[in-house]
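These notes are about the structure you will find just below.
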Amino acid sequence: MYDSILVPTDGSDHAARVAGHALGLARWFDATVHVVSVVDVSAAGGVFDAGGVSPAFVERLEDEAAAAVERIETMTDTDRVRSAVLKGSPAATILEYVGEHDIDLIAMGTHGRTGVNRYLTGSVTERVVRQSDVPVMTARVTERSEWAGGYDEILLPTDGSEPAAAAVDHALAIATRADATVHVVSVVDVSTVAGRPSIMAPNDILAQFESDAETAVETVATAVRDAGLDVETHVQKDIPSQGLLEYVDDHDIDLVAMGTHGRTGFDRVLLGSTTERFVRRAPVPVLAVRPAAGSEPN
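With the first letter of the sequence shown counted as 1, position 285 gets the number 285 in the UniProt record's numbering; the numbers rise by one all the way through.
Printed below as a string of structure tokens:
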């Protein structure tokens with residue numbers, strides 16, 4: 001599933017936290033780990049001299065980037081590590097590196113350094129999640145996000161759409177190595193019912209949505225059982241991102257694997273915006289998987 005894993009870092013604790021998971025996955029999948037730090041010269045923030053951006057300031061950024069890379073390198077227990085300090089716009093440079101080095105998975109923090117010398121921030125991570133053709137694992141520093149050697153409970157949200165199903169194979173591959181229970185969950189978005197123009201009563205609409213959600217959940221659950229894994233299923237009515245966050249807390253979830261897109265229209269359950277809100281707030285790592293070209297909803 002993963003032969004090469006990219007860990008962009010800015011030296012922050014958030015980057016180090018997700019790196020622990022990336023290194024754990026690298027051991028499971030015997031993957032090469034690429035550790036990079038991107039120097040964003042445009043973040044100079046007014047640090048100029050007569051010739052433009054101050055060379056001393058750029059040198060300082062490069063030194064900090066090298067130190068950030070070294071911090072992650074000291075966490076590794078394998079010699080299959082490649083490292084680099086790069087220059088450019090962070091999100092674009094990370095995505096370019098992915099294409100040039102056949103990266104299969106990106107792991108990055110959802111937050112980063114602040115101040116004029118920052119080069120990984122939440123907005124950079126969100127752009128990478130939104131645009132990356134490969135899965136992106138994100139994490140921030142919380143009491144529950146530290147790598148503990150594996151995962152016992154993995155949450156796999158679904159709405160039955162092909163884009164949302166993009167995460168299934170990845171969730172199953174990780175769950176198989178972790179011997180984890182997979183929780184297949186669908187959240188019926190109650191906020192869409194009130195504004196839906198229909199001759200059906202709201203209760204009838206909800207009933208139809210719940211039936212569709214149950215079908216979606218059972219389809220994925222069958223794939224989980226076929227993989228020889230334990231599965232739990234659940235359908236609930238809520239605001240999607242909020243319902244998923246509550247499920248994570250109530251069921252001691254260790255990892256969430258989800259598609260970055262879902263259904264369109266009033267019956268949507270997973271959307272790009274839902275994934276982004278969830279990634280921003282999740283207390284555990286999230287593996288966001290963008291659907292293959294041509295499978296995204298219109």
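Beta carbons: idealized from backbone N, C-alpha and C, even for Gly. Everything numeric in this text was worked out from a predicted model, so none of it was measured.
- Within a 10 Å sphere around the beta-carbon of D189 sit 16 or more other beta-carbons, which makes this residue buried.
- DSSP lists T181 as the bridge partner or partners of E153.
- Taking 8 angstroms as the upper bound for CB-CB distance, L229 and T176 are in contact here, some 7 angstroms apart.
- Cβ-Cβ separation between L287 and L255: approximately 7 angstroms, consistent with a contact (criterion under 8 angstroms).
- Excluding residues up to 5 positions away in sequence, V187, D189, V269, T274 lie with their Cβ nearer than 6 angstroms to the Cβ of P240 in the same chain.
- Fewer than three beta-carbon pairs drawn from the stretch 121 to 132 and the stretch 143 to 152 are found closer than 8 angstroms, and the two stretches are therefore not classed as touching.
- Using a Cβ-Cβ distance cut-off of 8 angstroms, the stretch 102 to 109 and the stretch 80 to 91 are not in contact, since fewer than three pairs of beta carbons, one from each stretch, lie closer than that value.
- Taking C-alpha positions only, D212 is separated from E59 by approximately 57 angstroms.
- Taking 3 residues as the shortest admissible run, the stretch 34 to 92 contains the following complete beta strand (DSSP E) segments, listed from N- to C-terminal end: 81 to 87.
- In summary, E153 is buried, with 16 or more beta-carbon neighbours lying within 10 Å of its beta-carbon over all protein chains present.
- Pairing G160 with T222, the inter-Cα distance amounts to about 13 angstroms.
- In the three-state DSSP reduction, A31 falls in the coil class, being neither helix nor strand.
- Distance between W28 and D179, taken at the CA atoms: about 12 angstroms.
- Straight across, the Cα-Cα distance linking P90 with Y2 is about 23 angstroms.
- Bounds of the alpha helix (DSSP H) holding V248 are 240 to 250.
- Taking the Cα positions, V184 is about 8 angstroms away from E218.
- Straight through space, the alpha carbons of G243 and R281 are spaced by roughly 12 angstroms.
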